[in-house]
Amino acid sequence: MHKKYEFGNKIGIMMNPNDLVIIGIESYKGNPHDSKTIEPLLKQIEKNLAYQPEEIIYDRGGRGAAEINGVKISTPKPALKRDSNYQKAKKRKKFRRRAAIEPVIGHLKKEFRMGQNYLHGESSPKINA
47 MHKKYEFGNK IGIMMNPNDL VIIGIESYKG NPHDSKTIEP LLKQIEKNLA YQPEEIIYDR
107 GGRGAAEING VKISTPKPAL KRDSNYQKAK KRKKFRRRAA IEPVIGHLKK EFRMGQNYLH
167 GESSPKINA
């Protein structure tokens, strides 16, 4: 039987695409639109790593801004008719790499008990993340 869907908080995760290391994680109250969650994650990455990435690859929910604080936001789009086969393959490879975050999220939920917040209080989502 399927569990009842609860949504009180949202967690945003940013990873290094090469070695799948989590470099930023942020908790959001309620259900903000994905495009509103990018800027706080970028601030945390800058705080953690002392630099900002040149480009981030985001899912289609992050559409809206093409650039935030000098960081290019790339979201998947259908290939253009004028794109060569090389350009199409390059775009596909770039956005397929973004899909590698899904298994990491699954492991966080199952093996590290992030599927449910067992803490109570106002600051519990930030502590749990």
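If you count the sequence shown from 1, you need to add 46 to reach my numbering.
C-beta: ideal position from N, C-alpha, C; glycine also.
It should be emphasised that the depicted structure is a prediction, and the values quoted were computed from it without experimental measurement.
- By how many angstroms is the C-alpha of residue 143 removed from the C-alpha of residue 122? 11 Å
- residue 74 - DSSP class collapsed to helix/strand/coil: strand
- Query: Assuming residue 71 contacts residue 58 under a Cβ cut-off of 8 Å, what Cβ separation, rounded to an integer in Å, is found between them?
  - Reply: 7 Å
- Excluding the five sequence neighbours on either side, which residues of its own chain have a C-beta within less than 7 Å of the C-beta of residue 119, listed in chain order? 84, 102, 104, 108, 111, 112, 113
- Ordered list of alpha helix (DSSP H) runs contained in the stretch 105-145, each at least 4 residues: 131-144
- Message: Based on DSSP bridge pairs, tell me the residues matched to residue 101.
- Response: 118
- Task: State the CB to CB distance for the pair residue 115 and residue 88, rounded to an integer number of angstroms; the pair is presumed to be in contact (CB under 8 Å).
- Result: 6 Å
- Helix, strand or coil for residue 152 per DSSP? helix
- Task: Return the chain-ordered list of same chain residues with a C-beta closer than 6 Å to the C-beta of residue 141, the five sequence neighbours on each side being excluded.
- Result: 122
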